[in-house]
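Last residue of the sequence shown: 243 (the numbering used here), numbering continuous.
No residue lacks a Cβ here, since even glycine has one placed at the ideal position from N, Cα and C.
Inspection log for the structure reproduced underneath, given as structure tokens.
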Amino acid sequence: MTQDELKKKVAEAALQYVKGLSVLGVGTGSTVNFLIDMLAEFKSQIDGAVSSSEGTTAKLKKVGIPVLDLNDTGTLEVYIDGADEVNEHFQMIKGGGGALTREKIIGAASKKFVCIADASKYVGTLGKFPLPVEVLPMARSYVAREMVKLGGQPVWREGFISDNGGQILDVHNLTILNPVEMEKEINNIPGVITVGIFAIRPADIVLLGSAEGIKTLQ
Ligand code: 5RP
């Protein structure tokens, strides 16, 4: 099976968490894009979705699902999103698609965070995937120097501007042994908008797609 086939399978498995919901939170990325295509089937049941990016917003609208403002919906029952890495504690690295800030907000505002990923994303220790850090543009070089102090090698994602007007540093070579502490530490650096460690609020359920089928971790 190709990675895309696995992503499609795991997106399909996430539909069980959509049944009966009128509103849900929707993440960003290629795995979630498969889910959005399948959400079209639930159009009559769904009043709307809270979107984590402009890309997801456009896709939701295309399949006919209204996009709602988180300020109007209040706490969400379920948020479904992909990940770049996930560990056994359901802590994740996210932000490969650059939508980490809105993703973290919606995850925090949701009762149940369902992570959908192909099994290659399941890792022992977070950090092999370069850690995305969204920064205010004027702080980019300063934050990069702080990342070097932490042992990382920051690379500016040149030409990329986030939906919030931020820039992204992809920090290579970090071994994240204590994700909660590192999330707090990096978030505390002036100029950081969001770090792509999702550990303070990890996922509640992880669906992993592999050639052998879907594994549900909870
Ligand atoms: C976007 C993300 C995505 O969830 C993450 O990059 C995984 O993407 P994909 O499903 O394309 O592998 O965090 O900011």
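Rounded to the nearest angstrom, the gap between the Cα atoms of VAL173 and VAL205 is 19 Å. With respect to the 8 Å criterion, ALA108 and ALA142 are classified as neighbours on the basis of their beta carbons. The three-state secondary structure of ILE218, taken from DSSP, is strand. Here GLN178 carries a strand assignment [DSSP, helix/strand/coil].
Comparing alpha-carbon positions, the option among VAL139, ILE90, ILE222 and ASN212 lying closest to LEU202 turns out to be ILE222.
Taking a cut-off of 8 Å for Cβ pairs, the stretch 34-52 and the stretch 147-167 do not touch, as fewer than three such pairs fall below it. Secondary structure within the stretch 103-161: the beta strand (DSSP E) runs of 3 or more consecutive residues, fully enclosed, are 135-143 and 156-160 (chain order).
Of all residues, those with a beta-carbon under 5 Å from at least one heavy atom of the ligand 5RP are THR53, GLY54, SER55, THR56, GLY107, ASP109, LYS119, GLY120, GLY121, GLY122 and ALA124, reported in chain order. By the criterion of a C-beta distance shorter than 6 Å, LYS129 is surrounded in its chain by THR219, once the five residues flanking it on both sides are discounted. DSSP places ILE230 outside any alpha helix (DSSP H); the residue lies instead in the beta strand (DSSP E), whose first and last residues are 230-235. Per DSSP, reduced to three states, the secondary structure at GLY54 is coil, with no helix or strand assignment.
The residue among GLU113, GLY50, ILE118 and LYS86 with its C-alpha nearest the C-alpha of MET207 is ILE118. Minimum Cα-Cα distance from TYR104 among the listed residues SER135, ARG165, GLY234 and TYR167 corresponds to SER135.
In the three-state DSSP reduction, VAL205 falls in the helix class (H, G or I).
At a cut-off of 4 residues, the continuous stretches assigned as alpha helix (DSSP H) that sit fully inside the stretch 61-108 are 79-87 and 95-98.
VAL88 is a Cβ neighbour of ALA65, given a cutoff of 8 Å.
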